[in-house]
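Okay, so here's the structure we're looking at.
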Amino acid sequence: MKHPKINSNTGSLDRSIYQDRIDIIWKGQELTVMQKVRPTNHFVISKDFDELLKMATADKREKLEVFTKEVIRFGNRCKDPQWHNLDCYFEKLACELAPRSYLKGKAESVMLKLVTCVQNTVELYHELHALDRLEHDYRLKQKEHDGLSLRDNACDWVIPEYTSTPFMPASTQTEDVGSPDMSTEPLRRKHHVLRGERQAILAHQNKKFEANIARNVATLVDDTISDVGKMDDSTQPGSTIEINNTVDDDDEGVIFGEDNDENEGYLFAGQYEETNEDFDIDGTQDQSVASNVPDPYDKVYSNIPEETHMLKHVPDCGYCTAKKFEYEPPGFCCRGGKVELAPLETPPQLRRLWDSADSDARHFRDNIRSLNPNCPCTKGHASCKNQYPQHFREATLQGKDSYPNYIRCDDGRKEKVRGCELDKRWVVPYNPYLIRLFNCHINVEACGSIKAVKYLFKYIYKGDDRASVVMRDASKENDDVDEIQQYRDARWVTPLEALLRIYGFELSHNSPSVMQLQLHLPNMHMVTFHERQMVERVVNRPGADRSMITAYFEANKLHEEARGILYREFPEWYTWQQGKVWQRRKQNTCGQVGRIIFALPSKGEHFYRQLLLNHVTRATSYADLRTIDGDTLPSFREAAQRRGLLEADNTIDECLNEAALYQMPSALRRLFATILVYCEPNDVAKLWQRHLDTMSEDYHHITQSKTHLQQMVLIDIRNMLQSMGKDIKTFPLSAIIDRYDNSQGIDREIYEEESIEATTEDVALQETLNEEQKSTYEKILSVVDTSNGGVFFVDGPGGTGKTYMYKALLAKASLIIWDEASMAKRQSIEALDNNMRDIMGHPSLPFGGKTIVFGGDFRQVLPIVCKGSRAQIVVASLRSSYLWESMCHLKLVRNMIAKSDPWFAEYLLCVGGGTEEVNNDGDVRLPDKVCVPYTGDDCDLDRLIDDIYPSLNENMSNTSYITSRAILTTRNDWVDMINMRMIDRFQREQMMYHSFDTAVDDPNNYYPSEFLNTLTPNGLPPHVLKLKIGCPIMLLRIIDPANGLCNGTQLVVRGFQKNSIDAEIVLGQHAGMRVFLPRIPLCPSNDEMFPFHFKRKQFPVRLNFAMTINKSQGQTIPNVVVYLPEPVFSHGQLYVALSRATTRLNVKVLVIPVTDEKMKKGVQKKSTINGVTYTKNIVYKEVLTP
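Residue 811 in full-length UniProt numbering sits at position 811 of the sequence shown; the count goes up by one each step and never skips.
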């Protein structure tokens, strides 16, 4: 038998035992060589621990030298000098290391156990082999007894297939997950072996058994030998190591003891005599990795047939067409047609609930899935987790979850899948090209938002994942855990990061930089000192009593310009010096961004102090933060609550008390109804009993009965709640007694309609209509009383008298009028059509046969589609609806308002129709008389304000003066800026209202209040609402439509308290009515697509000195100023802005040049050429009526 040859790649440990001793080990001793997965690594079991330690150390030192050379070479090439000359550090480290001798005893005990295991294995094998021979003889005698014939020159001796598998004790049967030896036993076959081949076969099996014993034992000592190999020793690499083979115990000599009997070194010794036996030869015995461990599953599944029987295809039943299987008795399904099965057809009522778009069908589809737990896509969900079926859409829109909602046209096409008819609402997004290319379904999404793009790029830079798993004794689970070491074990440095770190490049850069601002209570700031310093010296050290906050207070004392800057804004204008002082920045740069150390509300005074620092300026001490109107409060919490930064528990009660001071019971009842609907009061019954007397003061002259007074107030509140869309029965109030209720049994809508009476002025309007108006008036009246009705669209620009004609129609006939329909989305109009068809019972007639009059001007602003393209906006308009072709189109052209300036009226029609001449850049020319010259300084806007609001302070009390003027601009940012300038000019008593902002379902405070305060979504009031007596405001919510409180209603502030605002409606049929407004919770629309639910509690108003162009549509404003710091960005905006006034003399426009992106940076595109002003005009001609 040949011993292994030396591998040139082996380490010093291998070289030390090969060549000079390998012959002795394999021939004269029972040496077990344990082979691991890598054939070049061998581990020797020996009692002499010192010898093994020296060999393992020498082997590891050689590998460590190669590694350290590479580290030294890369370190010398780094830019950072601290990584240079690492060779000196490694040499010093090598001298200081010492071997850990305490492992010697543990290793010796393990070696002794392994020696005993190998010896027991040999003895058990011989016993098992003798048992196999006995069983083999028994089988041969059994065959002879059955009359089997034997050959003359051979015996049918067969070794069973399990005899060639050595038995291993339980303590030595281990699994090596890295070795292929754990595969199941290969199939065996019988061969007749001649006499000359038997010795070679037995020797081969003997060699296999030795290798298996060595391999199984090796798995037990792998960890121990690895630990030994990691230890250091003074032995230098490359030195010669000799193994001491002298032993004192004869039992231990089984492994390394001297023995001259060569046959005892083989486990099959004595089995080589010439016999005529049939050997069971392993079919894969030439493979060195064949497993000899018996697998019980081979016994269990040894008789499984190789082929699977398939049932034959049988024709379906000829009666009921049911599927039949082989050997099915006849008549098993339907008894030969005698049993008739009802057809599985969907009931029409259920089909309607599934296909229809009414409210009942939507409710059914939203809730039926919760009753079907077997559906795989609805398990654990109230509906399909993937939101199928989707809605029909005419264009692709951006969804709230950053994925688009794709176009799904309702073309009527349906496909039958698994017995169900499906349309395009059920189609999953797919890519036909990729599906055909790869022959599989691939979901392709269009990344149209920053969230989806960030999600993709995360996988480029995140690097590989790595996990560190630690198995710890359960009895020691309370021991200390080294988290730093765990982090280092699990950390994976990608090649890109390693390259940047080695060559000293920056891994990240933050611009502008963020500065953390200290937050602490008085005399509780942090001070750094050495542990050996005395506390008295540290306290008395110069500057020890200073911090960022105290230096901020001192800066407010010394510098006048610093007093208007908040603490968090200070780093933008001042720098923090080492002397613990704030120094003014020399250059006017953006500076740093300040962030106050965050304090949770549970921190008490820390949180309230942070709240004050975020809102209070000019503070020179902690006492100034707690001082309000000369009164120094004892705590920061009381100061924050006094300033209105914290919501008190009795806010609603105080709001009603404040409103009661004005002694207006009717407005107080409306305020009470508003609080019930929008403010979510906790104890309604207690609130009702407390304020019943003040709400019924105006009814005391009618009756003195308390019951009657209570019933009159309840009926009044009931009517107000109905106009708000609520029922008084849903609130815990007293029941209304029938004998006090005059409208018992009559619906509110019907009762209100029957109460309307046409005035004599409205009836007389038909006599004053012009020819165009009268012709339109007569065409509409001609179909009002018919059974089929009619649908009309009156197209007329501003000033043609559409509203005038509407009043004449309403005084004469009963019909529905929808004004400004050009701004409405077609889906809302189509929804009204579907409802009217269902209600009237005429599904074939538009709007169920009722007469509907739509009015509008497609030259004006179209429906707003959030981040929509031109095609999406056009598709959302009424012009793209299926109802457009069924409408009778009427036109009003004659402008009744601009009679004094016909040129301006004609100019507006050209601008709105896109026919006005343009220059080379596509811009239209503005009339010279309406343009305000642009000079480039900050006073341009102030001059524009002076033009529209001359003598403002002298006319602040004049309501008509305030409401007859407005500044129009394109975006809400500019509107807020102009309103703040205007309110600062208003010289009246003022009040500052701060909103209470919260993120819904945010228990961990991921979105702090100071961040939420910076948000001003579209349609919500600002965080800081600054009001003065007499200033104009606009309502931002629909509160009470029947009483004029709608979105866009213009009011004037008449008074204010801490929790309520007293306002007066100034325009419309409810002009002059006084109302009280409370703080109500407001949430942004879904179009804002915030990643969290945001709620702001604030008064639902904003200043109305300036408004957006879109908000001004439909209004007639005598004096208009248009401020264009940037061009218009949507269809009809320029036309709407210019057409709000009656003549060009009452219009002023300021156009600010914008920077041309195609030109060099800082170069502005000229808006005035040769004294002529040009600006951009956007017109979608495809929506204009012919």
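Cβ coordinates follow ideal geometry from the N, Cα and C atoms, glycine included.
The three-state reading of DSSP puts residue 1112 in helix, counting H, G and I together.
Fewer than three beta-carbon pairs drawn from the stretch 891 to 903 and the stretch 825 to 837 are found closer than 8 Å, and the two stretches are therefore not classed as touching. Looking at the DSSP output, residue 595 sits in a beta bridge with 516.
Residue 675 and residue 652 have their C-alpha atoms some 8 Å from each other.
Following the DSSP letters along the chain, one finds residue 923 inside the beta strand (DSSP E) bounded by residues 923 to 925. Taking the CA atoms as reference points, residue 721 sits about 25 Å from residue 817. Here the stretch 530 to 544 makes no contact with the stretch 555 to 563; the two share fewer than three CB pairs at distances below 8 Å. Note that the C-beta distance between residue 1143 and residue 928 is not below 8 Å.
The straight-line gap separating the alpha-carbon atoms of residue 646 and residue 640 is approximately 6 Å. The Cβ-Cβ distance between residue 1175 and residue 1127 falls below 8 Å. With 16 or more other Cβ atoms from the protein chains shown falling within 10 Å of its own Cβ, residue 714 counts as buried. One alpha carbon belongs to residue 549, the other to residue 509, and they sit about 28 Å apart.
The secondary-structure analysis by DSSP pairs residue 393 across a beta bridge with 408. Closest in C-alpha terms to residue 356, from the list 1039, 391, 116, 809, comes 391. For residue 543, there is no enclosing alpha helix (DSSP H), as DSSP gives it neither H nor E.
Note on geometry: alpha-carbon atoms of residue 599 and residue 522 lie some 16 Å from one another.
The three-state secondary structure of residue 938, taken from DSSP, is coil. The alpha carbon of residue 655 has as its nearest neighbour, out of 672, 1001, 643, the alpha carbon of 672.
In the assembly as shown, residue 685 is an exposed residue. Its beta-carbon has fewer than 16 other beta-carbons within 10 Å. Residue environment for residue 974: buried (at least 16 other C-beta atoms within 10 angstroms of its C-beta). Within the stretch 960 to 997, complete beta strand (DSSP E) segments of at least 3 residues are found at 965 to 969, 990 to 994, given in chain order. Cβ-Cβ separation between residue 997 and residue 1009: approximately 6 Å, consistent with a contact (criterion under 8 Å).
When DSSP states are grouped into helix, strand and coil, residue 1043 belongs to the helix group. By the Cβ-count criterion, residue 134 is exposed, with fewer than 16 other Cβ atoms from all chains shown falling within 10 Å of its own Cβ. Here residue 323 is exposed, its C-beta having fewer than 16 other C-beta atoms within 10 Å. By the CB criterion at 8 Å, residue 1079 and residue 1094 fall outside the cutoff.
When rounded, the separation of the alpha-carbon atoms in residue 814 and residue 1152 is 50 Å. The C-beta distance from residue 1017 to residue 1084 rounds to 4 Å, short enough to meet the 8 Å contact threshold. Counting C-beta pairs closer than 8 Å gives fewer than three between the stretch 1136 to 1150 and the stretch 974 to 987, which falls short of the contact rule. Under the rule that a run must span 3 or more residues, the beta strand (DSSP E) segments found entirely inside the stretch 1055 to 1112 read 1060 to 1065, 1074 to 1078, 1080 to 1082, 1093 to 1098, 1101 to 1103, 1106 to 1108. Cα atoms of residue 1129 and residue 1109: separation of roughly 11 Å, rounded to the nearest angstrom.
In the three-state DSSP reduction, residue 415 falls in the strand class (E or B). Just so you know, the alpha carbons of residue 1105 and residue 1074 end up roughly 20 Å apart. Residue 931 sits in a strand when the DSSP states are folded into three classes. The continuous stretches of beta strand (DSSP E) do not include residue 720, which lies in the alpha helix (DSSP H) extending over residues 706 to 723. Residue 789 is not a Cβ neighbour of residue 857, given a cutoff of 8 Å.
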